[in-house]
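J.: I'd like to ask you about the structure that follows.
Protein chains in written order, with this note's numbering: chain A, 1 to 99; chain B, 1 to 217.
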């Protein structure tokens, strides 16, 4: 019998990171302010979680401009989508096995 | 057990985030009320035109089956009705935009983002298909079928849109489609169905949405 916990991805072990990934799964790209609005966290908090996900290779960062203002958009990478889906099925598995 | 609840909460959070980030949630109930009011005013003007014409509603019914050799009531007053319909549509659009704009300011969400764009595209596809179909009906002088056609296509557009905005809008969509279908068997009374569908239904829907989402804020 395999221990289902080992399938849970440590990188997603935070409400903010789950929020970022969930939003990026259903949208091709989202900018920083929209993410902040959705997850309702401070700039610094969001930025640090984004950095962690970026370093794991789960999200991509594209820096651009709207007029003179910087507009940074984020999108999920193929690896990120795969990892998140696996994390979700692991969660599902755990709930099922606990019944 | 506690652990299981924690995971269920997590899944719930994820689902909610996916919904919130992919739907346009600034749609104001007041927009529905405003659009409905415009429709009722438009219907009142249109009704005056219809009543004012010397042809009775019974004649109009026969027009739907006429082969186009006689002078049609539609030719006689169609232009004026189209103008009223266009003015009503523009007024309804402007007023609903204003209230939704105010709501988006209040909730501090951008009015024109990816969610709004997706919503617009999904509303426009059935609407444009419907408009072309209705135009063809007019060309073929099947005027009696225009009101039910408006209701059915509008209902389909709303139903399609409900996936990208507040999910309750789908009940408005169901209502419009059903009303349009019933209208197919009451061809001469299109104006009343039109007023009910675009006027009364919008006002009921708008009030319910305002009550549910905006009353407290």
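Heads up, the beta-carbon is just placed ideally off N, CA and C, and yes, glycines get one too.
(1) Hey, residue 126 of chain B and residue 89 of chain B: beta-carbon distance below 8 angstroms or not?
(2) What does the alpha-carbon distance come out to for the pair residue 206 of chain B and residue 28 of chain B?
(3) In or out: residue 128 of chain B buried (at least 16 other Cβ within 10 Å) or exposed?
(4) Go through its chain and collect everything with a Cβ distance to residue 63 of chain A's Cβ below 7 angstroms, but skip five positions before and after it.
(5) I'd like to know if residue 1 of chain A contacts chain B, where contact means its C-beta is closer than 8 angstroms to some C-beta of that chain.
(6) Tell me, which residues are paired with residue 59 of chain A by DSSP?
(7) Please check if any C-beta of chain A sits within less than 8 angstroms of the C-beta of residue 209 of chain B.
(8) Do we get a CB-CB distance below 8 angstroms when we pair residue 89 of chain A with the residues of chain B?
(9) For residue 29 of chain A, which residues in the same chain have their Cβ closer than 8 angstroms to its Cβ, ignoring the five residues on either side in sequence?
(10) Just curious, the alpha helix (DSSP H) that residue 141 of chain B is in, first and last residue?
(11) Hey, how far is the Cα of residue 91 of chain B from the Cα of residue 199 of chain B?
(12) So residue 147 of chain B and residue 191 of chain B are in contact, right, with Cβ under 8 angstroms, and what is the actual spacing, rounded?
(13) Can you pull the chain B neighbours of residue 38 of chain A, defined as C-beta to C-beta under 9 angstroms?
(14) May I ask you to report which of helix, strand or coil DSSP gives residue 25 of chain B?
(15) Which complete beta strand (DSSP E) runs does the segment 96 to 174 of chain B hold, if anything under 3 residues is left out?
(16) Enumerate in chain order the residues of its own chain whose CB-to-CB distance from residue 99 of chain B is below 7 angstroms, with the five nearest sequence positions on each side excluded.
(17) Within 8 angstroms (strictly less), CB to CB, does residue 185 of chain A reach chain B?
(18) Give me the residue from B:188, B:132 and B:201 with the minimum Cα distance to residue 174 of chain B.
(19) Using a 10 Å radius around the Cβ and a threshold of 16 neighbouring Cβ atoms, would you call residue 65 of chain A buried or exposed?
(20) Any C-beta of chain B within less than 8 angstroms: which residues of the segment 51 to 84 of chain A qualify?
(21) To the nearest angstrom, how far is the alpha carbon of residue 213 of chain B from that of residue 11 of chain B?
(22) Work out the CA separation of residue 33 of chain A and residue 46 of chain B for me, nearest whole Å.
(23) By the three-class DSSP mapping on this structure, what secondary structure does residue 9 of chain A have?
(24) In its own chain, which residues sit with a C-beta less than 8 angstroms from the C-beta of residue 77 of chain A, not counting the 5 before and 5 after it?
(25) With 8 angstroms as the limit, tell me which residues of the segment 21 to 36 of chain B have their beta carbon closer than that to any beta carbon of chain A; keep them in chain order.
(26) Which one or two residues does DSSP pair with residue 31 of chain A in a beta bridge?
(27) Who are the near neighbours of residue 177 of chain B in its chain, counting only those whose CB is closer than 8 angstroms to its CB and skipping five residues on each side?
(28) Output needed for residue 98 of chain A: all residues of its chain with C-beta closer than 8 angstroms, excluding positions within five of it in sequence on either side, in chain order.
(29) Which residue from A:26, A:10, A:88 and A:46 puts its Cα closest to that of residue 16 of chain A?
(30) On the CB-based measure, 16 or more other CB atoms within 10 Å of its CB, does residue 141 of chain B come out buried or exposed?
(31) Who are residue 64 of chain A's beta bridge partners in DSSP?
T.: On the basis of the supplied data:
(1) no
(2) 8 angstroms
(3) exposed
(4) 70 and 72
(5) Low confidence applies to residue 1 of chain A: its pLDDT is 46, below 50, so where it sits in the model is not reliable enough to give any reading.
(6) A:76
(7) By the rule that beta-carbons nearer than 8 angstroms mark a contact, residue 209 of chain B does not touch chain A.
(8) Residue 89 of chain A does not count as touching chain B.
(9) 62, 73, 74 and 75
(10) Where residue 141 of chain B is concerned, there is no enclosing alpha helix (DSSP H), given that its DSSP letter is neither H nor E.
(11) Distance between the alpha carbons of residue 91 of chain B and residue 199 of chain B is about 13 angstroms.
(12) 7 angstroms
(13) By Cβ distance, chain B contributes 17, 20 and 21.
(14) coil
(15) none
(16) 28, 30, 31 and 34
(17) For chain A, the structure presents residues 1 to 99; residue 185 of chain A sits outside this window and is missing.
(18) B:201
(19) exposed
(20) none
(21) 24 angstroms
(22) For residue 46 of chain B and residue 33 of chain A, the gap between their C-alpha atoms comes out near 47 angstroms.
(23) coil
(24) Cβ neighbours of residue 77 of chain A beyond the five flanking positions: 57, 58, 59 and 60.
(25) 21 and 22
(26) Note: residue 31 of chain A is bridge-paired with A:73 in the DSSP secondary-structure output.
(27) 151, 152, 155, 156 and 159
(28) Result list for residue 98 of chain A: empty, nothing under 8 angstroms.
(29) That would be A:46, whose Cα lies nearest to the Cα of residue 16 of chain A.
(30) buried
(31) A:71
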